[in-house]
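Colleague: Before I ask anything, here is the structure I am working with.
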Amino acid sequence: MSQEEVDDKIKQASEAQKSWSATEVYKRADILHEWADRLVEKQDQIGEVISKEVGKNLASAIKEVVRTADLIRYTAEEGCRIHGEMLKGDSSRGGSSSKLAMVEQEPLGVVLAISPFNYPVNLAASKIAPALISGNAVVFKPASQGALSGQLMIEALLETDLPTDIIQFVSGKGSEIGDFLVTHPSIDMITFTGSTETGQAISQKAKMVPVVLELGGKDPAIVLEDADLDLAAEHIVSGAYSYSGQRCTAIKRVLVADTIANDLTEKIKQKVEALSVGSPEDNATVTPLINNDAADFVQHLIDDALNKGAELITGNRREGNLVYPTLLDQVNSNMDVAWEEPFGPVLPIIRINEEEDFVSLANQSEYGLQASIFTKDVQKAREIATKLDVGSVQLNAKTERGPDHFPFIGAKNSGLGSQGIRRSIESMTRDKLFILNL
Ligand code: G3H
Numbered sequence: 001m002s003q004e005e006v007d008d009k010i011k012q013a014s015e016a017q018k019s020w021s022a023t024e025v026y027k028r029a030d031i032l033h034e035w036a037d038r039l040v041e042k043q044d045q046i047g048e049v050i051s052k053e054v055g056k057n058l059a060s061a062i063k064e065v066v067r068t069a070d071l072i073r074y075t076a077e078e079g080c081r082i083h084g085e086m087l088k089g090d091s092s093r094g095g096s097s098s099k100l101a102m103v104e105q106e107p108l109g110v111v112l113a114i115s116p117f118n119y120p121v122n123l124a125a126s127k128i129a130p131a132l133i134s135g136n137a138v139v140f141k142p143a144s145q146g147a148l149s150g151q152l153m154i155e156a157l158l159e160t161d162l163p164t165d166i167i168q169f170v171s172g173k174g175s176e177i178g179d180f181l182v183t184h185p186s187i188d189m190i191t192f193t194g195s196t197e198t199g200q201a202i203s204q205k206a207k208m209v210p211v212v213l214e215l216g217g218k219d220p221a222i223v224l225e226d227a228d229l230d231l232a233a234e235h236i237v238s239g240a241y242s243y244s245g246q247r248c249t250a251i252k253r254v255l256v257a258d259t260i261a262n263d264l265t266e267k268i269k270q271k272v273e274a275l276s277v278g279s280p281e282d283n284a285t286v287t288p289l290i291n292n293d294a295a296d297f298v299q300h301l302i303d304d305a306l307n308k309g310a311e312l313i314t315g316n317r318r319e320g321n322l323v324y325p326t327l328l329d330q331v332n333s334n335m336d337v338a339w340e341e342p343f344g345p346v347l348p349i350i351r352i353n354e355e356e357d358f359v360s361l362a363n364q365s366e367y368g369l370q371a372s373i374f375t376k377d378v379q380k381a382r383e384i385a386t387k388l389d390v391g392s393v394q395l396n397a398k399t400e401r402g403p404d405h406f407p408f409i410g411a412k413n414s415g416l417g418s419q420g421i422r423r424s425i426e427s428m429t430r431d432k433l434f435i436l437n438l
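Structural data, given as structure tokens:
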């Protein structure tokens with residue numbers, strides 16, 4: 001699309017939003033439920049397109065569609081529970097009980113939703129549904145890879161009774177329409193998931209417009225001496241390698257007590273070597289990365305680490321943009337793979353000798369999305385968790401965003417604001433007061 005076409009779409013959304021925000025919430029909820037029904041009906045068709053478009057294995061792609069329908073239904077219900085509040089003036093010294101404030105949640109107007117390639121349906125709907133239920137119009141810009149899946153999802157929405165123009169699908173090159181969208185005067189809120197670099201650029205350009213960002217991560221799995229190593233290995237492998245590590249919440253480094261590192265590494269190795277590698281159609285866990293540049297970057301991280309003395313435990317094989325799951329031991333702070341987000345199937349193991357290094361190394365990262373702690377000592381886990389600069393800490397489980405109604409937060413360069421169904425709705429509304437002076 002050209003800037004002129006995008007401009008038209010934004011104007012149409014802005015115009016249509018006025019009557020949409022006056023539509024009863026239960027009617028908006030009914031439309032979202034209808035949308036969820038359509039998605040469930042079309043799960044195979046949309047799942048297949050996701051799988052072909054972004055190389056996600058077919059079973060996971062179909063699961064993404066069903067998860068999205070569940071998310072939309074919960075959002076519809078949650079939207080009906082936004083009731084506002086009533087405040088009395090006499091709670092502040094000098095105030096009066098005859099002053100009463102009705103606080104309502106008003107939509108912001110037109111929400112710009114920009115989604116990434118890795119969840120082209122779920123991470124799009126997790127922005128669109130909260131915006132719609134709270135009375136906003138939406139301009140939806142999918143990632144170029146993922147746009148076909150996004151378009152199918154929007155077609156399903158347009159089969160409902162949603163009034164025309166409330167949802168606008170825009171596509172085009174970020175270099176041509178990106179800044180135009182982000183700085184358009186009729187955009188009232190921006191919600192973005194993608195790279196930290198783009199997220200930072202958006203937050204700098206969006207003047208006086210609220211921005212919610214979900215960006216990169218370098219989530220550590222912290223494995224203490226008393227951990228259940230079978231459990232830890234199982235979660236680490238599934239956390240690090242599912243969808244070939246192309247998840248912001250993937251486990252991207254292991255910080256393990258040196259005394260148990262050999263045992264853990266062996267257990268992880270066995271599981272990594274059992275992973276299926278190949279084609280999305282065959283439901284392989286590790287499939288080709290989104291493009292060759294992504295595979296080149298992962299290969300660079302592997303090569304850099306090996307050149308600097310890391311030990312290759314398994315992997316380091318490549319066919320085009322298919323990178324075989326790779327496990328590196330003896331990784332240290334001088335290696336890029338200790339700090340960079342690979343967004344691919346390579347996992348570094350960093351051995352820890354001093355207990356305080358678990359926290360200091362975890363926190364040295366520019367990212368602060370999530371962390372996992374594996375231990376039987378809940379008290380100790382809690383103590384470590386309070387010191388970690390991250391949005392969420394998982395005890396004895398892999399890092400992950402879901403369930404979708406949990407708040408989802410990134411600290412430092414991992415994000416801005418909070419998502420999760422309730423928080424997303426709140427981020428797309430503002431308080432509006434009607435004050436009764438009796
Ligand atoms: O890639 C970022 C997603 O928010 C990760 O979601 O933890 O459900 O895979 P997930």
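Numbering (UniProt numbering), first residue to last: 1 to 438. From the three backbone atoms N, C-alpha and C, an ideal C-beta is built for every residue, glycine too. In this text the structure is predicted, and so the values were computed from the model without any measurement.
1) Quick one: does the C-beta of L162 sit closer than 7 Å to a heavy atom of ligand 1?
2) Since Q394 contacts S372 with CB under 8 Å, what's their CB separation in whole angstroms?
3) Between L152 and ligand 1, is the CB less than 7 Å from at least one heavy atom?
4) May I ask you to report which of helix, strand or coil DSSP gives I187?
5) Contact check, N321 vs A294 under 8 Å by CB: the rounded distance?
6) Would you say T198 touches ligand 1, meaning its beta carbon is less than 7 Å from a heavy atom?
7) Any idea what DSSP makes of R253, helix, strand or coil?
8) Could you tell me whether the segment 237-250 touches the segment 201-218, using the rule of 3 or more Cβ pairs below 8 Å?
9) Quick one: what's got a C-beta closer than 8 Å to D304's C-beta in the same chain, skipping five residues either side?
10) Are S14 and S186 close, meaning C-beta to C-beta below 8 Å?
11) Which residue from K269, I50 and E4 puts its Cα closest to that of G178?
12) Short check: CB of Y241 to CB of V286, under 8 Å?
13) Under a Cβ-count criterion, where at least 16 other Cβ atoms within 10 Å of its own Cβ denotes burial, should T386 be classed as buried or exposed?
14) I think E53 touches S149, with their Cβ atoms under 8 Å apart; what is that distance to the nearest whole Å?
15) From the DSSP output, in three-state form, read off Q105 for me.
16) Count the other CB atoms within 10 Å of the CB of V378; is the residue buried (16 or more) or exposed (fewer)?
17) Which class does S372 belong to by DSSP, given the choice of helix, strand or coil?
18) Any heavy atom of ligand 1 closer than 7 Å to the beta-carbon of R351?
19) Cβ atoms of I260 and E311: under 8 Å apart, would you say?
20) Does the Cβ of Q45 have 16 or more other Cβ atoms within 10 Å, making it buried, or fewer, making it exposed?
21) Straight-line CA distance for V49 to A36?
22) To the nearest angstrom, how far is it from the Cα of L301 to the Cα of P342?
23) Which runs of the alpha helix (DSSP H) fall wholly inside the segment 30-56 and span at least 4 residues, in chain order?
24) Would you call the CB atoms of V65 and L32 closer than 8 Å?
25) Identify which residue in I384, L71, L231 and K271 has its Cα closest to the Cα of P403.
26) Determine, using beta-carbon pairs with one atom in the segment 150-167 and one in the segment 7-27, whether at least three such pairs fall under 8 Å.
27) Is N118 near ligand 1 - that is, is its Cβ less than 7 Å away from at least one heavy atom of it?
28) Can you tell me whether L231 is buried or exposed, with buried defined as 16 or more other CB within 10 angstroms of its CB?
29) For the 8 Å Cβ check, are there 3 or more pairs between the segment 185-205 and the segment 251-270?
30) Less than 7 Å between the CB of T75 and some heavy atom of ligand 1, yes or no?
31) Would a C-beta distance cut-off of 8 Å place residue 439 and T429 closer than the cut-off?
32) Just to confirm before moving on: does the CB-CB distance between P325 and L275 stay below 8 Å?
33) In the structure shown, what three-state DSSP assignment does T314 receive?
34) Any idea what DSSP makes of I82, helix, strand or coil?
35) For I425 versus E78, is the C-beta spacing smaller than 8 Å?
36) Measure the C-alpha to C-alpha separation of A227 and F374 and round it to an integer number of angstroms.
Modeller: Taking the geometry as given:
1) For the purposes of this step, residue 162 is taken as residue 162 along the sequence shown, with counting starting at 1. No, since every heavy atom of ligand 1 falls outside the 7 Å radius drawn around the Cβ of L162.
2) Within the sequence shown, the letter at position 394 stands for residue 394. Within the sequence shown, the letter at position 372 stands for residue 372. With 8 Å as the limit, Q394 and S372 qualify as a contact, their Cβ atoms being about 5 Å apart.
3) For this step, residue 152 is matched to residue 152 along the sequence shown. False, no ligand heavy atom lies under 7 Å from that Cβ.
4) For this step, residue 187 is matched to residue 187 along the sequence shown. Coil.
5) By one-based count along the sequence shown, residue 321 stands at place 321. By one-based count along the sequence shown, residue 294 stands at place 294. The pair is a contact, with the Cβ atoms about 7 Å apart (cut-off 8 Å).
6) Sequence index remark: in the sequence shown, residue 198 carries index 198 (1-based). Not so, every heavy atom of ligand 1 lies at least 7 Å from the Cβ.
7) Position 253 of the sequence shown, counting from 1, holds the residue named residue 253. Note: R253 maps to strand in three-state DSSP.
8) yes
9) One-based indexing of the sequence shown puts residue 304 at position 304. Closer than 8 Å at Cβ, skipping near neighbours: M335, D336 and V337.
10) For the purposes of this step, residue 14 is taken as residue 14 along the sequence shown, with counting starting at 1. For the purposes of this step, residue 186 is taken as residue 186 along the sequence shown, with counting starting at 1. Yes. Within cutoff.
11) Taking the sequence shown and counting its residues from 1, one reaches residue 178 at position 178. It is E4 whose Cα lies nearest to the Cα of G178.
12) Along the sequence shown, one-based indexing puts residue 241 at 241. Along the sequence shown, one-based indexing puts residue 286 at 286. For Y241 and V286, yes; Cβs fall inside 8 Å.
13) Locating residue 386 in the sequence shown gives position 386, counting from the first residue. Label assigned to T386: exposed.
14) Taking the first residue of the sequence shown as position 1, residue 53 is located at position 53. Taking the first residue of the sequence shown as position 1, residue 149 is located at position 149. Sure, about 5 Å apart at Cβ, within 8 Å.
15) For the purposes of this step, residue 105 is identified with residue 105 of the sequence shown, where counting begins at 1. If DSSP states are grouped into helix, strand and coil, Q105 belongs with the strands.
16) Indexing the sequence shown from 1 puts residue 378 at position 378. By the neighbour-count rule (16 or more Cβ atoms within 10 Å), V378 is not buried but exposed.
17) One-based indexing of the sequence shown puts residue 372 at position 372. In this structure, S372 counts as strand in the three-state DSSP scheme.
18) Counting from one through the sequence shown, the residue named residue 351 turns up at place 351. No, since every heavy atom of ligand 1 falls outside the 7 Å radius drawn around the Cβ of R351.
19) The residue you call residue 311 lines up with position 311 of the sequence shown. The residue you call residue 260 lines up with position 260 of the sequence shown. No, Cβ-Cβ distance for E311 and I260 is not below 8 Å.
20) On the sequence shown, position 45 is the one that residue 45 refers to. Classification of Q45: exposed, given that the 10 Å Cβ count is below 16.
21) By 1-based counting over the sequence shown, the position of residue 49 is 49. By 1-based counting over the sequence shown, the position of residue 36 is 36. Whole-angstrom Cα-Cα distance: 18 Å.
22) Position 301 of the sequence shown, counted from the start, is the residue given in the question as residue 301. Position 342 of the sequence shown, counted from the start, is the residue given in the question as residue 342. Approximately 7 Å, taken between the alpha carbons.
23) 43-54
24) Residue numbering aside, residue 65 sits at position 65 when the sequence shown is read from its first letter. Residue numbering aside, residue 32 sits at position 32 when the sequence shown is read from its first letter. Taking 8 Å as the Cβ cut-off, V65 and L32 do not qualify as a contacting pair.
25) For the purposes of this step, residue 403 is identified with residue 403 of the sequence shown, where counting begins at 1. The candidate whose alpha carbon is nearest that of P403 is L71.
26) yes
27) Taking the first residue of the sequence shown as 1, we reach residue 118 at position 118. Yes, since a heavy atom of ligand 1 falls inside the 7 Å radius drawn around the Cβ of N118.
28) The residue you call residue 231 lines up with position 231 of the sequence shown. That one is exposed.
29) no
30) Within the sequence shown, residue 75 is the residue found at index 75, counting from 1. T75: no, Cβ never under 7 Å from ligand 1.
31) There is simply no residue 439 to check, as the chain begins at 1 and stops at 438 in what is shown.
32) Taking the sequence shown and counting its residues from 1, the one referred to as residue 325 is at position 325. Taking the sequence shown and counting its residues from 1, the one referred to as residue 275 is at position 275. In this structure, L275 lies closer than 8 Å to P325 by Cβ.
33) On the sequence shown, position 314 is the one that residue 314 refers to. DSSP places T314 in strand when its eight states are reduced to three.
34) Sequence index remark: in the sequence shown, residue 82 carries index 82 (1-based). Note: I82 maps to coil in three-state DSSP.
35) Translated into positions along the sequence shown, residue 425 becomes position 425. Translated into positions along the sequence shown, residue 78 becomes position 78. Yes; because the gap between Cβ atoms is below 8 Å, this pair is in contact.
36) The sequence position of residue 227 within the sequence shown is 227, counting from 1. The sequence position of residue 374 within the sequence shown is 374, counting from 1. Approximately 5 Å between the Cα atoms of the pair.
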